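J.:
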Amino acid sequence: MTKSSQKTKQRFALAVEMQGLLLVIVLANLLVLASQLSPWFVVINVSLIAIYYLGISRPRLRARRLVFGFTITGALILIALSQQLGLMLTMVNLLAFSHVMKLFEQNHPRDFYTFNLLSLVILATAMIFHQSLWYFLLFLVLLVLNLLPLVFYDKYQRGNQQQSPISLLKLRQFSPLLGKALLLSMPLAICLFFIFPRLQPFAAIPQAKIAKTGLSEQVSVGDISQLVQSNELAFQVEFSGSSTVNFPLYWRALVMEYFDGVTWQGAEHSPKLSGIFASKQQYLAYLASQTQPVDFQGESLTYQVYVQPSYQPYLFALDVAKSRSSNVTKLADQTLIADKPVSQKLAYQVQSYPELTIDRQLPELSRAVNLMLPDNSNPRLQNYADSLVAQFRQQQNAERLIIDTVLADIRNKAYFYTLNPPLISGDRLDQFFFDTKAGFCVHYASAFTFIMRSAGIPARLVTGYLGGEYHEQGRFYSIRQKDAHAWSEVWLEELGWTRVDPTAAVSPERIEQGIDAALVQEQALFNTGLFGRLGWLDGATLLRIRGAFELVDYQWTKYIVGFSQQRQSSLLQQLFGQGQQWKVALTVALVMASVFVGYFVLSQFHWRKPRVPTHVRCFHRLQAHFANSQSNQVFQHSHATVREYCRQLADKQPSSKNLLTEFYILFEAIDYQAISDIEVKQKKAQLLRVLKQITEQS
Numbered sequence: 012m013t014k015s016s017q018k019t020k021q022r023f024a025l026a027v028e029m030q031g032l033l034l035v036i037v038l039a040n041l042l043v044l045a046s047q048l049s050p051w052f053v054v055i056n057v058s059l060i061a062i063y064y065l066g067i068s069r070p071r072l073r074a075r076r077l078v079f080g081f082t083i084t085g086a087l088i089l090i091a092l093s094q095q096l097g098l099m100l101t102m103v104n105l106l107a108f109s110h111v112m113k114l115f116e117q118n119h120p121r122d123f124y125t126f127n128l129l130s131l132v133i134l135a136t137a138m139i140f141h142q143s144l145w146y147f148l149l150f151l152v153l154l155v156l157n158l159l160p161l162v163f164y165d166k167y168q169r170g171n172q173q174q175s176p177i178s179l180l181k182l183r184q185f186s187p188l189l190g191k192a193l194l195l196s197m198p199l200a201i202c203l204f205f206i207f208p209r210l211q212p213f214a215a216i217p218q219a220k221i222a223k224t225g226l227s228e229q230v231s232v233g234d235i236s237q238l239v240q241s242n243e244l245a246f247q248v249e250f251s252g253s254s255t256v257n258f259p260l261y262w263r264a265l266v267m268e269y270f271d272g273v274t275w276q277g278a279e280h281s282p283k284l285s286g287i288f289a290s291k292q293q294y295l296a297y298l299a300s301q302t303q304p305v306d307f308q309g310e311s312l313t314y315q316v317y318v319q320p321s322y323q324p325y326l327f328a329l330d331v332a333k334s335r336s337s338n339v340t341k342l343a344d345q346t347l348i349a350d351k352p353v354s355q356k357l358a359y360q361v362q363s364y365p366e367l368t369i370d371r372q373l374p375e376l377s378r379a380v381n382l383m384l385p386d387n388s389n390p391r392l393q394n395y396a397d398s399l400v401a402q403f404r405q406q407q408n409a410e411r412l413i414i415d416t417v418l419a420d421i422r423n424k425a426y427f428y429t430l431n432p433p434l435i436s437g438d439r440l441d442q443f444f445f446d447t448k449a450g451f452c453v454h455y456a457s458a459f460t461f462i463m464r465s466a467g468i469p470a471r472l473v474t475g476y477l478g479g480e481y482h483e484q485g486r487f488y489s490i491r492q493k494d495a496h497a498w499s500e501v502w503l504e505e506l507g508w509t510r511v512d513p514t515a516a517v518s519p520e521r522i523e524q525g526i527d528a529a530l531v532q533e534q535a536l537f538n539t540g541l542f543g544r545l546g547w548l549d550g551a552t553l554l555r556i557r558g559a560f561e562l563v564d565y566q567w568t569k570y571i572v573g574f575s576q577q578r579q580s581s582l583l584q585q586l587f588g589q590g591q592q593w594k595v596a597l598t599v600a601l602v603m604a605s606v607f608v609g610y611f612v613l614s615q616f617h618w619r620k621p622r623v624p625t626h627v628r629c630f631h632r633l634q635a636h637f638a639n640s641q642s643n644q645v646f647q648h649s650h651a652t653v654r655e656y657c658r659q660l661a662d663k664q665p666s667s668k669n670l671l672t673e674f675y676i677l678f679e680a681i682d683y684q685a686i687s688d689i690e691v692k693q694k695k696a697q698l699l700r701v702l703k704q705i706t707e708q709s
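So the sequence shown is numbered by the working numbering: it starts at 12 and just counts up by one.
In structure tokens:
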């Protein structure tokens, strides 16, 4: 290191207020990423921030050995957690950790600029995980906050780092400048958004292992009750043509064919199949080869689905569905999956045929899988099924009679629907069906499916969502986690897989009223909440406010987040025609070239014609006002000072003598005295006021 570089390093030091501003920026940036950070790194980052805060006023507290120890510890923890977190979250935690560590390395201006660059990268990373309109507005505020240090440093602290403390007035002074810069950049951003080639998202790298509220690929008795109590949005749907439908909306998500006595899972987890098929896709591909393809004919419903991030590949649709979207695949069990886990909001189009049958001919392997029962499991249910088989064995439609009898027992006996059923163990389905008789959809669907299999009827469990909240203004449905539901499917001759929902037998309002009943309960919660007790807003008003927010967010999702590569291609074809990629490329190149050329021309024009300072323009206006009067004849020397001009002018304008004296005093203070920018701004305002008074008197 040369002597000059050592001198530069020693000279560089940020003002205390600037250090505080950087600390606020780090805290704000990490808060928007908090849900993606490992608890270990939350503790480490908070500890480092505390050390930095204490070291602002007492630099000795920033012990290098302590910071070095945290660095080594963080690196080792990151290596240890990399397999658990996955590649994406590992990089996010490393980025956040580096952002905090850069606070302690401010030895050169390039360190300061690197820190600010990291801040902007942190914001861009956060937008991968948060894409709602409200987060976008928050990111705009954080963007302004992250740009303030750059503007302030360039104006006040370059070469004079510790002599110009930050104040709210100074920060407020540059807010219009930042706002103007953002507004000027908006046309370019909008143009690039529509015509710039849509690249694959950053989240296309190996997915992070993120826990997310939503349906799981396995379900045990009691699991869905946690979802039913969650108001989190799962997905939204907009139907083409008619905006509403007049039948229950069963949104199919997962099919579970293997039951071990406690948990329902996919058939690939069955011991009988695990040695034959390596994955669910292989099993379903085999089934597809053994069944006839669905003949999609008849009446259909077309709709667009907007899914919230679930970090799972499964999607949602009404039976029987097919998708036109290239990133969606239809499986043999009539479910839809995305080509990769849904880590961002995803839009896809579906066409459903409610009247079609599924698998009118059932392959032997599928029949065997959907008749499997765990050994020595729930003997009372098996005996109950045996009695039904014996009762209807001689009947022509024995299978339908068995189904109707089970549903009638559920409907007529002392069963009831509750989200808080008694705890059960051991043979859980036996205890539920014969003892407690209290449960929710998973209880009834599990018991019903078990009974059907015991009676020799192929059956399986399906999980998804039921119903949805319709928004009249936006003409779309919102389906929430609390709409999670489970039902059964039984295979019947000539009918194929047929949906049977035993929950409808014990709680018809759960099916018929759906979200309406939930809204009544939710409105009651609002009425008994803080606002309701204070008498400010009732539940209905709060629900309307929430609906308005959801409408705006839905439009944002539909037109901005949902602007996919396919929609962009369609838009560009309308603008430039089919197969005219060269026109698109030329347009992008021209836009970029126009921006750079325009910036160069404007900067050159601004350099060649510098703006006349305000106080000088005030003096020119004073001269112009008296240019044609007799008073101006006493002043013929262009090289005279403002003081001389005002004194000679005062001899001819005695009524304005005091104002003219005040004018040149203010002018000289602005032009010659070493005063702060805030004081300059104040004196310019006074100078304009004095000029106005002079011109009014003469």
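C-beta atoms are modelled at their ideal positions from N, C-alpha and C, and glycine is treated no differently.
Small disclaimer: the values here were computed from a predicted structure and weren't measured.
1) Please go through the same chain and pick out, in chain order, the residues whose beta-carbon is closer than 7 Å to the beta-carbon of S334, but skip the five residues on each side of it.
2) To the nearest angstrom, how far is the alpha carbon of I55 from that of E690?
3) So the alpha helix (DSSP H) F674 belongs to, where does it begin and stop?
4) If you drop the 5 nearest sequence neighbours on each side, which residues of the same chain put their C-beta closer than 6 Å to that of I133?
5) Any contact between the segment 277-295 and the segment 320-328? By contact I mean 3 or more CB pairs, one from each, below 8 Å.
6) Could you pull the DSSP bridge partners for R555 from this structure?
7) Counting pairs of beta carbons, one from the segment 494-504 and one from the segment 294-307, are three or more of them closer than 8 Å?
8) Report the CB separation of D441 from S143 in whole angstroms; it is logged as a contact under 8 Å.
9) Distance check for M383 and G277, CA to CA, integer angstroms please.
10) Taking DSSP's pairing of strands, which residues face Y428 in a bridge?
11) How many angstroms separate the CA atom of L32 from the CA atom of F607?
12) Using the rule of at least 16 other Cβ atoms within 10 Å of the residue's Cβ for burial, across every protein chain shown, is S377 buried or exposed?
13) CA-CA distance, Y428 and A515?
14) Terminal residues of the continuous alpha helix (DSSP H) containing T706?
15) When the Cα atoms are used, what is the spatial distance from L711 to G85?
16) Suppose contacts are defined by Cβ-Cβ distances below 8 Å. Is R439 in contact with V232 by that definition?
17) How do the segment 399-415 and the segment 444-453 stand: do at least 3 beta-carbon pairs fall below 8 Å, yes or no?
18) Could you give the residue range of the beta strand (DSSP E) that holds L357?
19) For the structure I just gave you, are there three or more beta carbon pairs, one from the segment 473-481 and one from the segment 263-279, closer than 8 Å?
20) Please state whether the Cβ-Cβ distance between F270 and P352 is less than 8 Å.
21) Using three-state DSSP, classify R491 as helix, strand or coil.
22) When burial is assigned at 16 or more other CB atoms within 10 Å of the CB, is V750 buried or exposed?
23) Between P365 and F140, what straight-line distance do the alpha-carbon atoms span, to the nearest angstrom?
24) Beta-carbon separation of L105 and L128 under 8 Å?
25) Excluding the 5 residues flanking I705 on each side, which residues of the same chain have their C-beta closer than 6 Å to its C-beta?
26) Are the Cβ atoms of V572 and K356 separated by less than 8 Å?
27) May I have the straight-line CA-CA distance separating L25 from Q697, to the nearest angstrom?
28) Quick test of your reading: F108 and F52, contact by CB under 8 Å. State the CB separation rounded to the nearest angstrom.
29) Going by DSSP, what residues sit across from K333 in a beta bridge?
30) Alpha carbon to alpha carbon, how far is F205 from R578?
31) Taking the straight line between their C-alpha atoms, what separation do you get for F444 and K424?
32) Going by DSSP in three states, I468 sits in which element: helix, strand or coil?
33) Rounding to the nearest angstrom, what Cα-Cα distance links E679 and T625 in this structure?
34) What is the residue span of the alpha helix (DSSP H) that L399 lies within?
35) Hey, quick one: how far does the beta strand (DSSP E) through I348 stretch, first residue to last?
36) Going by alpha carbons, who is nearest to I462 out of Y395, P433, L477?
T.: Concretely, from the data shown:
1) K341, L347, Y359, Q360, V361
2) 43 Å
3) 668-683
4) N40, H110
5) no
6) Answer is none; R555 lacks a bridge partner.
7) no
8) Not confirmed; about 45 Å, so no contact.
9) 13 Å
10) G450
11) 32 Å
12) buried
13) 10 Å
14) 688-708
15) Absent from the model: residue 711. The displayed extent of the chain is 12 to 709, so no value can be given.
16) yes
17) no
18) 357-363
19) yes
20) no
21) strand
22) An answer regarding residue 750 cannot be provided, because it is not within the stretch 12 to 709 covered by the chain.
23) 35 Å
24) no
25) S667, L670
26) yes
27) 34 Å
28) 6 Å
29) Q362
30) 10 Å
31) 11 Å
32) coil
33) 13 Å
34) 390-403
35) 347-349
36) Y395
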